[in-house]
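Heads up, the thing below is written out as structure tokens.
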């Protein structure tokens, strides 16, 4: 099962492939590109899926892309006969079509088209993975003029402890910080991580702050101003949870230029993965 796409098209793109072998656990492959098209991501997913098979196989190949299915089953022989041209014009994505043609020669493939978003388990999974990689492709990880803060929290339940960790990166320099608290919540640990990361900054540089927490990102970018205007009450008139930490974060944001980025579990950049590991270690130490 493969899928790929962009948002917008053209723009940042992601692809995914799921390989199902009889009696074995599903194998998932993913990738991304900062500037591509829907069709190129569909092709890349197919290429990588077949490329991952080390020996010739009998393959049942599922795709919800008419472009891919019809291209490989109907149009490809004509393009090859015509010198990889489409009519009198150049064939779009020729480089990928040539790679796919090369990979298909190794296998006996039955191509099956499946309608997207109709409840097929593996088609839906491939779609989710591909979309998560679109988000990863759009992350400004290579911005050399900003500090990159990867903030993570971990919580081991009411009977355990909580941990937080941040990795700060500026160009080639990188450092990590972590800490723990007894009886904390997951939301408090994500907040604490962001606060500690911003407190650690020595220079007034733009900041990209990456977090897996929608609560943290939405609070900082959408809810915070309203809470302050209502004297730290929600729209329902209830006290804002974790007010002490939100006030600390609000004070730091007064002097920092921060862009917030939510990262998904399926597409975490390596520094984010390391921050999560450090936060989990800190939480275990607090238990």
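Numbering (this note's numbering), first residue to last: 65 to 351. Virtual Cβ for every residue (Gly too), placed ideally from N, Cα, C.
Could you tell me the distance, in whole angstroms, from the CA atom of residue 289 to the CA atom of residue 244?
If you number the chain shown from 1, residue 289 lands on position 225. If you number the chain shown from 1, residue 244 lands on position 180. One C-alpha to the other measures close to 28 Å.
Let's test the definition: count the other Cβ atoms within 10 Å of the Cβ of residue 67 and tell me whether it reaches 16, buried, or not, exposed.
Taking the chain shown and counting its residues from 1, the one referred to as residue 67 is at position 3. Its Cβ being crowded by 16 or more others within 10 Å, residue 67 is buried.
Look up residue 163 in the DSSP assignment and say whether it is helix, strand or coil.
As a first step, residue 163 must be located in the chain shown, where it is residue number 99. If DSSP states are grouped into helix, strand and coil, residue 163 belongs with the helices.
Option in 157, 218, 330, 342 with minimal Cα separation from residue 252
For this step, residue 252 is matched to residue 188 along the chain shown. Looking at the Cα atoms, 218 is the closest of the given residues.
Write down every uninterrupted run of the beta strand (DSSP E) in the segment 127 to 182 whose length is 3 residues or greater and which is fully enclosed by it, in chain order.
172 to 177
Take the Cβ of residue 308 as the centre, count every other Cβ of all protein chains shown within 10 Å, and call the residue buried at 16 or more, exposed below.
Counting from one through the chain shown, the residue named residue 308 turns up at place 244. That one is exposed.
Alpha carbon to alpha carbon, how far is residue 284 from residue 316? Give it in angstroms, no decimals.
Translated into positions along the chain shown, residue 316 becomes position 252. Translated into positions along the chain shown, residue 284 becomes position 220. So the alpha carbons of these two residues sit roughly 11 Å apart.
In the structure shown, what three-state DSSP assignment does residue 290 receive?
Start at 1 with the first residue of the chain shown, and residue 290 comes out as number 226. Three-state DSSP puts residue 290 in a helix.
For residue 278, count the other beta carbons within 10 Å of its own beta carbon; 16 or more makes it buried, fewer makes it exposed. Which is it?
Within the chain shown, numbered from 1, the residue matching residue 278 stands at position 214. When all chains shown are included, residue 278 counts as exposed.
Would the beta-carbon of residue 226 fall within 9 Å of that of residue 350?
Within the chain shown, residue 226 is the residue found at index 162, counting from 1. Within the chain shown, residue 350 is the residue found at index 286, counting from 1. Yes, the Cβ-Cβ distance between residue 226 and residue 350 is below 9 Å.
Between residue 160 and residue 220, how many whole angstroms is the CB-CB distance? I'm expecting something under 8 Å.
Here residue 160 corresponds to residue number 96 of the chain shown, with the count starting at 1. Here residue 220 corresponds to residue number 156 of the chain shown, with the count starting at 1. With 8 Å as the limit, residue 160 and residue 220 do not qualify as a contact, their Cβ atoms being about 46 Å apart.
Taking the straight line between their C-alpha atoms, what separation do you get for residue 265 and residue 211?
Position 201 of the chain shown, counted from the start, is the residue given in the question as residue 265. Position 147 of the chain shown, counted from the start, is the residue given in the question as residue 211. The straight-line gap from Cα to Cα measures roughly 8 Å.
For a test of the three-state rule: what should DSSP assign to residue 310, helix, strand or coil?
For the purposes of this step, residue 310 is taken as residue 246 along the chain shown, with counting starting at 1. Three-state result, residue 310: helix.
DSSP bridge partner residues for residue 85 (one or two, in chain order):
By one-based count along the chain shown, residue 85 stands at place 21. Residue 85 is not bridged by DSSP to any residue.
Could you pull the start and end residues of the alpha helix (DSSP H) that residue 239 belongs to?
Indexing the chain shown from 1 puts residue 239 at position 175. That residue, residue 239, is in no alpha helix (DSSP H); its beta strand (DSSP E) goes 237 to 246.
Can you name the residues that DSSP bridges to residue 347?
Within the chain shown, numbered from 1, the residue matching residue 347 stands at position 283. In the DSSP output, where bridge partners are listed per residue, residue 347 has none listed.
Proximity to residue 321 [Cα-Cα], best of 327, 232, 268:
The residue you call residue 321 lines up with position 257 of the chain shown. Answer by Cα proximity: 268.
Can you grab the Cα-Cα spacing for the pair residue 196 / residue 93, in whole Å?
For the purposes of this step, residue 196 is taken as the residue at position 132 of the chain shown. For the purposes of this step, residue 93 is taken as the residue at position 29 of the chain shown. Cα to Cα, the separation comes out at about 12 Å.
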